[in-house]
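Note sheet for the following structure.
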Amino acid sequence: MGTLVRTPVFATSILVTIHVVTTLGRSYIEAGVVAAAATISIAISGPWRGRLLDRLGLRRVVAPSLLVSGVCWGLAPWVGYYALLVLVVVAGLFVVPTFSVIRQAIIAAVPEHDRRTAISLDSAALELCFMVAPAVGVWAATVWGTAPVLFVVQMVGVLAGAVLWVADPPLRADSEDGPGAVAPPRRSWMRPPFLAVCAIGAVATLVLAGSDLGFVAMMRAFGAVPELGLVLAVWGLGSLIGGLVYGALSREIPSTWLLVALGLVTAPMAFATSPVQLAVLAFVAGVLCAPTITATVAEASRLVPANARGEALGWHGSSITAGGAVGAPFAGWALDGHGPGAGFLAIAAVGVGIGLVSLLVSRRPAARAAERVDTPV
Numbered sequence: 045m046g047t048l049v050r051t052p053v054f055a056t057s058i059l060v061t062i063h064v065v066t067t068l069g070r071s072y073i074e075a076g077v078v079a080a081a082a083t084i085s086i087a088i089s090g091p092w093r094g095r096l097l098d099r100l101g102l103r104r105v106v107a108p109s110l111l112v113s114g115v116c117w118g119l120a121p122w123v124g125y126y127a128l129l130v131l132v133v134v135a136g137l138f139v140v141p142t143f144s145v146i147r148q149a150i151i152a153a154v155p156e157h158d159r160r161t162a163i164s165l166d167s168a169a170l171e172l173c174f175m176v177a178p179a180v181g182v183w184a185a186t187v188w189g190t191a192p193v194l195f196v197v198q199m200v201g202v203l204a205g206a207v208l209w210v211a212d213p214p215l216r217a218d219s220e221d222g223p224g225a226v227a228p229p230r231r232s233w234m235r236p237p238f239l240a241v242c243a244i245g246a247v248a249t250l251v252l253a254g255s256d257l258g259f260v261a262m263m264r265a266f267g268a269v270p271e272l273g274l275v276l277a278v279w280g281l282g283s284l285i286g287g288l289v290y291g292a293l294s295r296e297i298p299s300t301w302l303l304v305a306l307g308l309v310t311a312p313m314a315f316a317t318s319p320v321q322l323a324v325l326a327f328v329a330g331v332l333c334a335p336t337i338t339a340t341v342a343e344a345s346r347l348v349p350a351n352a353r354g355e356a357l358g359w360h361g362s363s364i365t366a367g368g369a370v371g372a373p374f375a376g377w378a379l380d381g382h383g384p385g386a387g388f389l390a391i392a393a394v395g396v397g398i399g400l401v402s403l404l405v406s407r408r409p410a411a412r413a414a415e416r417v418d419t420p421v
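Numbering (my numbering), first residue to last: 45 to 421.
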């Protein structure tokens, strides 16, 4: 069900971009404005919709989203540019919080010691969506046009949301308080450890979004743009395998270490000399993608009480969205100034740097605690 609900999400961004540029005849800058507006509205909606999930439960939150999304996306493919911009923003604010819902349902369905494995399996399913949805969406748009394909994709999303509403999976384990329980004050859990996990998730997605642009620049430099999809698919396959392997491990690896490793394996792609070599390095880098994000989800879910988990995962999702929004422009700045490989080096440096800083910060409280225990009274 999570795969069904979230597949349209991965096709929408590229379809809207192509729709604005080709069908509406607008510039890439204007297409970027629509994409940025949608990203910002979704990021704003995450904590808000998550808090409503905690207070009202799944059905009372999803039903209005289905109505608003259905109306907005039913009109959006057939209107002009400025009307499209408004409709996309409204739809983003009322988007069905599918990522938060599915992850909460998975967390509630398994015992805590299996939580990482279950979230890893969910991440593997997301990688399949990432690999398949954009490619199928672009192919369909070239055959039938962007407007009808965008309409069908969004209506599939609304239908999938209706299936989620009917299924109404529990968002709390039997031993946890259900929706409507008094939520703890936000200040009791939105503390440095939780904020650090959100920051790691944001930087990880900055690396991933920047890598997207880096692949485009490298393949253009090789004169092999038609093979770009294959390289991205290999990258996604590495992430899929990495997520499954990470979920099968007997011990959890902290997200800080995974972020450092993600930065280290991203840097070598800057020195690829052919599409084949880039694909091989992309596979290696992909192995760390899903585990890094999975680790932040698992850690965030442990740092907050169950009746605040929806809002917390909303904030986590917004941080990931923000990181993705920053990643491409940051990599683009490096590419414009220093050539095709510079994008990979810039985002890798940020990943390694932030990861090492997080490691140092996280060790200081532990060291102080050890001193307090060892000091004679």
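Glycine residues also receive a C-beta, built at the ideal position from the N, C-alpha and C atoms.
Its chain contains no residue whose beta carbon lies nearer than 6 Å to that of Leu274 once the 5 sequence neighbours on both sides are disregarded. Note that the C-beta distance between Phe327 and Val278 is below 8 Å. Non-local C-beta neighbours of Ala211 in its own chain, meaning closer than 7 Å and more than five positions away in sequence, comprise Met45, ordered along the chain. C-alpha of Phe388 to C-alpha of Thr310: approximately 6 Å in a straight line. Linking Val394 to Ala305 through their CA atoms gives a straight-line distance of about 12 Å. Here the alpha carbon of Ala356 sits roughly 25 Å from the alpha carbon of Ser283. Excluding five sequence positions before and after Glu343, the CB atoms of its chain that fall closer than 7 Å to its own CB belong to Val241 and Ser299, given in chain order. The C-beta separation of Gly258 from Met313 comes to about 7 Å, placing the pair in contact by the 8 Å criterion.
In the DSSP assignment, Pro335 falls within the alpha helix (DSSP H) that extends over Cys333 to Arg346. Between the alpha carbons of Val207 and Ser144 lies a gap of roughly 16 Å.
In the displayed model, Ser164 falls within a helix according to three-state DSSP.
Straight across, the Cα-Cα distance linking Trp117 with Phe195 is about 7 Å.
The C-alpha of Ala246 lies about 23 Å from the C-alpha of Ala149. By the Cβ rule, the segment 263-273 does not count as touching the segment 285-303, because fewer than three pairs are nearer than 8 Å.
Looking only at Tyr126, Gly101 and Ile58, the smallest Cα-Cα distance to Pro213 is reached by Gly101.
Taken through DSSP and simplified to helix, strand or coil, Trp188 comes out as helix. For the 8 Å CB-CB criterion, Ala169 and Thr47 form a contact. In this model, Thr249 and Val176 are separated by some 19 Å (Cα to Cα). Out of Ser255, Val324 and Leu96, the CA that lies nearest to the CA of Ile391 is found in Ser255. Annotation: Ile163 to Arg147 spans about 7 Å, alpha carbon to alpha carbon. Linking Ala268 to Pro319 through their CA atoms gives a straight-line distance of about 7 Å. The alpha carbon of Thr67 has as its nearest neighbour, out of Arg99, Trp122 and Ile337, the alpha carbon of Trp122.
Annotated as distal: Pro91 and Gly385, with beta-carbon spacing of 8 Å or more.
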